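Residue numbers (my numbering): 158 to 605.
Here the structure is laid out as structure tokens; the discussion comes afterwards.
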Amino acid sequence: MEIVRSQRKPAADAASALSLYRSAPKFDVRLEDFERFAIDRLLVLRGISDGLSRGKKPEEMEKLVSELWRTHMRHQDASEARNKDIISHFVLRLVYCRTEDLRNWFLSMETILFRCRFRRENPESQRMLITEFDFPYKAVNHAEFEVVKEKLVQVSRTIGQSSNESIFFKMPFEEVPDLVASRKVFLLKGFAYVAMGQVSSPVAKQFNRILSKALELTNRKWTSFHQEKEKDRLTPIVESLSSSYLGPDYSQRQGSAEISIKDIDQLANNSFPLCMRHLFEKLREDHHLKHGGRMQLGLFLKGVGLKLEDALAFWKAEFSHKVGTERFDKEYAYGIRHNYGKEGKRTDYTPYSCQKIISSTPGVGDHHGCPYRHFSEDNLRAALSKMGVDGHIMDDIMQKVQTRHYQLACTLTFEAIHAISCDTGVNHPNQYFVESQKALEMKRQPTT
158 MEIVRSQRKP
168 AADAASALSL
178 YRSAPKFDVR
188 LEDFERFAID
198 RLLVLRGISD
208 GLSRGKKPEE
218 MEKLVSELWR
228 THMRHQDASE
238 ARNKDIISHF
248 VLRLVYCRTE
258 DLRNWFLSME
268 TILFRCRFRR
278 ENPESQRMLI
288 TEFDFPYKAV
298 NHAEFEVVKE
308 KLVQVSRTIG
318 QSSNESIFFK
328 MPFEEVPDLV
338 ASRKVFLLKG
348 FAYVAMGQVS
358 SPVAKQFNRI
368 LSKALELTNR
378 KWTSFHQEKE
388 KDRLTPIVES
398 LSSSYLGPDY
408 SQRQGSAEIS
418 IKDIDQLANN
428 SFPLCMRHLF
438 EKLREDHHLK
448 HGGRMQLGLF
458 LKGVGLKLED
468 ALAFWKAEFS
478 HKVGTERFDK
488 EYAYGIRHNY
498 GKEGKRTDYT
508 PYSCQKIISS
518 TPGVGDHHGC
528 PYRHFSEDNL
538 RAALSKMGVD
548 GHIMDDIMQK
558 VQTRHYQLAC
568 TLTFEAIHAI
578 SCDTGVNHPN
588 QYFVESQKAL
598 EMKRQPTT
């Protein structure tokens, strides 16, 4: 690549902390680090996804990415931080290479992460990365620079960059539509002249192309060879990470309070998220739920504080209308005790997270799943209206549903009903319940 106006070699201390992820790490990785590093990076990527769905501006996204990286990926030792960066990236490649939807999400989030991190590098480190990257576009040579110097100086002034230090890259204008739209490049005969300070856009696009091909290759290798070979070791981790819930454990009631049967109807009306409210109403209406509905609602009720004895009494009272008490004791009571860890393997089962509920596939006659994903638009509007949502908020929620931001749609519902902001977003039905109870308690407290 031609570099014009400065042929200085980068200083030794300009070495970048940003990896281009050309090849997987050759060193051994402990299994616990394999999963832990991936989870930490996944928290960063999901934070980016949430920021985008909330409509954060570019400068806000850069600040968010920096905070997320510092919170989840930093390490006191620079070499350990770099190892964690590389290991976590390649682990998540395995996790997200397996379907087109997973690949597209990972590709989008990693590209944004790369671009924001690239922009934070100093100019010397950026030049090193571009050279290492085999960037396909050449820097403008001295002779061409002199021909269009006046225009390029104007561009430098517009973006607040010194023209004496500027390096410009020449590339087809369609490679940088965002820079063209914001008038941050000089256009001539179908080419855009992009200043070094703005080159993060085409560099990120090149990173996106390379990673996209790498994900396809990883998928072929994983499915044809490694998936079966690692079925007892890595495969379970890889297959669970993409849908794993990374927030608080709601297997037990958050706080000391418990709920009783006599309070359930009021709590359902005031503090159940739409998915659980719908199941609860169908249970009251039909006196029965299929297995998926019983699991989703039953574990939720366990998490909000319904004791085993009360749970058995609650479900028995409902099901007895349809199947009788004897059949309930024989066919259904075991499942309830099992959820509470009192039968079978004695596992203390955890309430379903939003991701698990969204990814479920309810069949005919089922009522579990996520209403924002599985309801028709008319049915969803009717259900939201019944909860007290209307006006432009309803339209905002439907817009999020159309773009498949189901958790954000639920967050907007929470905010509309409780008239407060939920900055963390809704990630778990039990979180919705806990935050709802807190909000209602605050409203009950007398103002001073």
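Positions of the beta carbon are idealized from the N, C-alpha and C atoms, including for glycine.
If you're wondering where the values come from, they're calculated on a predicted model, not measured in any experiment.
For Leu223, tell me which candidate among Leu264, Ser180, Glu289 and Leu202 has the shortest Cα-Cα distance.
As written in the sequence, residue 223 is Ser, which differs from the Leu given in the question. The shortest C-alpha to C-alpha distance from Ser223 to any of Leu264, Ser180, Glu289 and Leu202 is the one to Leu202.
Any chance the region 541–551 sits against the region 483–502, with 3 or more Cβ pairs inside 8 Å?
No, the region 541–551 is not in contact with the region 483–502.
Exposed or buried, what is Thr570 when buried is set at 16 or more other beta-carbons lying within 10 Å of its beta-carbon?
Buried, since its Cβ has 16 or more Cβ neighbours within 10 Å.
So Val304 is in the alpha helix (DSSP H); what residue range does that whole segment cover?
Element bounds for Val304: His299 to Val304.
Rounded distance between the beta-carbons of Val305 and Leu345, thought under 8 Å:
Rounded, the Cβ-Cβ distance is 7 Å, consistent with contact.
If I'm right that Thr380 touches Leu251 with Cβ under 8 Å, what's the distance once you round it to whole angstroms?
Not a contact, Cβ separation roughly 11 Å.
How far does the beta strand (DSSP E) with Ala474 in it extend, from its first residue to its last?
Careful: Ala474 lies outside any beta strand (DSSP E), inside the alpha helix (DSSP H) at Leu465 to Val480.
When you compare the region 425–440 with the region 221–240, are there three or more beta-carbon pairs, one atom per stretch, that lie closer than 8 Å?
Because the criterion of three Cβ pairs below 8 Å is not met, the region 425–440 and the region 221–240 do not touch.
List the endpoints of the continuous beta strand (DSSP E) containing Met266.
Unbroken run through Met266 is the alpha helix (DSSP H), Glu257 to Arg276; no beta strand (DSSP E).
Start-to-end residues for the alpha helix (DSSP H) that takes in Ala352
Premise fails: Ala352 lies in the beta strand (DSSP E), Phe348 to Ala352, not in any alpha helix (DSSP H).
N- and C-terminal bounds of the alpha helix (DSSP H) containing Leu431
Under the DSSP assignment, Leu431 falls in the alpha helix (DSSP H) whose first and last residues are Leu431 to Asp443.
What does a CB cutoff of less than 7 Å around Gly354 pick up in its chain, not counting 5 residues either side in sequence?
Answer for Gly354: Ile316 and Gln318, listed in chain order.
Let's see if you can read the secondary structure: which residues bound the beta strand (DSSP E) around Lys327?
Phe325 to Pro329 is the extent of the beta strand (DSSP E) around Lys327.
Measure the beta-carbon distance from Met433 to Phe457 and round it to whole angstroms, keeping in mind my assumption that it falls under 8 Å.
Going by Cβ atoms, the distance from Met433 to Phe457 rounds to 5 Å, so yes, they are a contact pair.
With three or more beta-carbon pairs closer than 8 Å as the criterion, would you say the region 556–569 touches the region 521–532?
Yes, the region 556–569 is in contact with the region 521–532.
How far does the beta strand (DSSP E) with Phe457 in it reach, from first residue to last?
Segment His448 to Val461 is the alpha helix (DSSP H) holding Phe457; no beta strand (DSSP E) there.
Could I get the ranges of all uninterrupted beta strand (DSSP E) runs contained in the region 536–563, with 3 residues as the minimum, in chain order?
Runs of beta strand (DSSP E) with 3 or more residues, each lying fully within the region 536–563, are absent.
Starting from the Cα of Asp291, find the closest Cα among Arg179, Ile269 and Glu415 and give me that residue.
Distance from the Cα of Asp291 is smallest, within the candidate group Arg179, Ile269 and Glu415, for Arg179.
Endpoints, alpha helix (DSSP H) assigned at Phe290
That run of the alpha helix (DSSP H) goes Pro280 to Phe290.
Chain-order list of residues whose beta-carbon lies under 8 Å from that of Asp486 (same chain, five-residue window excluded)
The beta carbon of Asp486 is closer than 8 Å to those of Lys473 in its chain, skipping five residues each way along the sequence.
From the DSSP output, read off the bridge partner residues of Leu345.
DSSP output for Leu345 lists Phe348 as bridge partner(s).
Nonlocal neighbours in the same chain, by C-beta distance under 7 Å from Ile515, ignoring five residues either side
Only Cys527, Arg530 and Tyr563 meet the Cβ criterion.
Could you check the C-alpha separation between Glu331 and Asn365 for me, to the nearest Å?
Distance between the alpha carbons of Glu331 and Asn365: 15 Å.
For Glu307, count the other beta carbons within 10 Å of its own beta carbon; 16 or more makes it buried, fewer makes it exposed. Which is it?
Counting Cβ neighbours within 10 Å, Glu307 comes out exposed, since fewer than 16 surround it.
Cβ-based neighbour list, Cys254, same chain, cut-off 7 Å, excluding 5 preceding and 5 following
These residues qualify, in order along the chain: Arg260, Leu372, Thr375, Asn376 and Trp379.
Counting pairs of Cβ atoms below 8 Å between the region 442–451 and the region 474–484, do you hit three or more?
The region 442–451, when compared against the region 474–484, does touch it at the 8 Å Cβ threshold.
Who are the near neighbours of Leu597 in its chain, counting only those whose CB is closer than 8 Å to its CB and skipping five residues on each side?
Only residues of its own chain outside the window of five on either side were considered, and among them Asn427, Ser428 and His575 have a CB closer than 8 Å to the CB of Leu597, listed in chain order.
Pair within 9 Å by beta-carbon distance, Phe271 and Ala361
Taking 9 Å as the Cβ cut-off, Phe271 and Ala361 qualify as a contacting pair.
Proximal residues to Asp523 (C-beta, below 6 Å), its chain only, five neighbours per side dropped
Within the same chain, and ignoring the five residues on either side of Asp523 in sequence, the residues whose Cβ sits closer than 6 Å to its Cβ are Lys447 and Gly449.
Just to confirm, are Leu463 and Ile421 a CB contact at a threshold of 9 Å?
Judged by their CB atoms, Leu463 and Ile421 are nearer to each other than the 9 Å cut-off.
Backbone CA spacing between Ser413 and Leu264 [nearest angstrom]
In this prediction, Ser413 scores a pLDDT of 47, lower than 50, which makes its location untrustworthy; the coordinate-derived value is nonetheless stated afterwards. Using only the alpha carbons, I get a separation of about 43 Å.
Kindly indicate the opening and closing residues of the alpha helix (DSSP H) around Tyr589.
Under the DSSP assignment, Tyr589 falls in the alpha helix (DSSP H) whose first and last residues are Pro586 to Arg601.
How far does the alpha helix (DSSP H) with His606 in it extend, from its first residue to its last?
The question about residue 606 has no answer here: the residues shown for the chain are numbered 158 through 605.
Compare the C-alpha of Ile418 against each of Leu431, Phe437, Gly404 and Pro405 and name the closest.
The shortest CA-to-CA distance from Ile418 to any of Leu431, Phe437, Gly404 and Pro405 is the one to Phe437.
Minimum C-alpha distance to Pro280 - residue among Val356, Glu237, Ile577 and Asn240:
The option with the nearest alpha carbon to Pro280 is Val356.
Which whole-angstrom value describes the C-beta separation of Leu175 and Leu286, a residue pair presumed to lie in contact below a C-beta threshold of 8 Å?
The pair is a contact, with the Cβ atoms about 6 Å apart (cut-off 8 Å).
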